[in-house]
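> Numbering (UniProt numbering), first residue to last: 1 to 327.
Glycine included, every Cβ here is placed at the ideal spot set by N, Cα and C.
Mind looking over this structure? Questions follow.
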């Protein structure tokens, strides 16, 4: 672990008396690091036992330095003390890696030292914008993220196994890729990017505010819903295995390609400024296509705006309703 002897990083151990006591549980292990703000890449890595889970919060700070504060709690003091949280600053001061390492346990069913709960809260405050942000968890580790951080110029990447990703500050980055197996992706503020790739195995994708995507958008969930508003995009590929899709679409080019699929679930698309061909299909359910400039060709295919339009919308589900509304 990095210690106060390292010239660029200082460590502070919090007095336990300031932490609220939890009856029949050990006091949390706590501490803080102060770091220089010279780095442009922030990497958060969670590893170790599947028993532990980490909740990471990234905020904008007010000082000239970066700060990392953590608290680890568990019903087993040995597991609590064995959990490690430490930062590593690269030799050239361009990359800060924050490691959260939970202890591994063998023979979990017979090991009396295996905790029922093992949780670490980490808060990182940044005074500066970043060029890269990366967060990843080991296959069996659980990790969630709350983002209140600054702009990330080139790449914002999160890959976790179990955990929900929430963004509360505007997320501005050239490329945004977020993936979680069990959990949701919830954007409560605007998103600005050239490439958006959001993938969930079990959970929802929600873009509460407008997502401005200058290029391609990919939205996928196996079990859950996809909701929100997309603007300026050049292509959209959205799919659900079991769930629903409800999107407001404002494409950025005439030649936009929009493909939305569901195996089981409904699709509702409100499209603004779209000119081109559409196709809506369901095997079990109803199809509704509306708009002042809609022209049907056969069944639930046709075009909106003018017959020479270059855009394409395809919406299909095996079981559920399809509703296309052109504005």
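#1: Which of the three DSSP states, helix, strand or coil, is assigned to residue 310?
#2: In angstroms, rounded to a whole number, what distance separates the CA positions of residue 37 and residue 238?
#3: Please state if the CB of residue 186 and the CB of residue 167 are separated by a distance shorter than 9 Å.
#4: According to DSSP, simplified to helix, strand and coil, what is residue 169?
#5: In angstroms with no decimal places, state the Cα-to-Cα distance between residue 315 and residue 105.
#6: Do the CB positions of residue 85 and residue 97 come within less than 9 Å of each other?
#7: List the endpoints of the continuous alpha helix (DSSP H) containing residue 271.
#8: Please state the DSSP three-state secondary structure of residue 208.
#9: Under three-state DSSP, which class holds residue 177?
#10: Would you call the CB atoms of residue 183 and residue 202 closer than 9 Å?
#11: Using three-state DSSP, classify residue 318 as helix, strand or coil.
#12: DSSP state of residue 78, grouped into three classes?
#13: Could you give the residue range of the beta strand (DSSP E) that holds residue 116?
#14: Residue range of the beta strand (DSSP E) that residue 94 falls in?
#15: Nearest to residue 309 by CA position, among 326, 152, 276, is which residue?
#16: Do you know how far the Cα of residue 304 is from the Cα of residue 290?
#17: Following the continuous beta strand (DSSP E) through residue 258, name the residue where it begins and the one where it ends.
#18: Taking 9 Å as the threshold (C-beta atoms), are residue 270 and residue 218 in contact?
#19: From this set, 102, 164, 72, 34, which residue's C-alpha is nearest residue 46's C-alpha?
#20: Considering just the uninterrupted stretch of the beta strand (DSSP E) at residue 234, what are its terminal residues?
#21: In chain order, what residues of the same chain have a beta carbon less than 7 Å from the beta carbon of residue 115, not counting five sequence neighbours either side?
#22: Does the Cβ of residue 63 have 16 or more other Cβ atoms within 10 Å, making it buried, or fewer, making it exposed?
#23: Ends of the beta strand (DSSP E) at residue 161?
Based on what the coordinates show:
#1: coil
#2: 38 Å
#3: yes
#4: coil
#5: 48 Å
#6: no
#7: Where residue 271 is concerned, there is no enclosing alpha helix (DSSP H), although the beta strand (DSSP E) it sits in stretches over 267-271.
#8: strand
#9: strand
#10: yes
#11: strand
#12: helix
#13: Residue 116 -> no beta strand (DSSP E), and no H or E assigned at all.
#14: That residue, residue 94, is in no beta strand (DSSP E); it is neither H nor E in DSSP.
#15: 276
#16: 10 Å
#17: 257-264
#18: no
#19: 102
#20: Per DSSP, residue 234 belongs to no beta strand (DSSP E) and is neither H nor E.
#21: 51, 74, 75, 76, 79
#22: exposed
#23: 152-162
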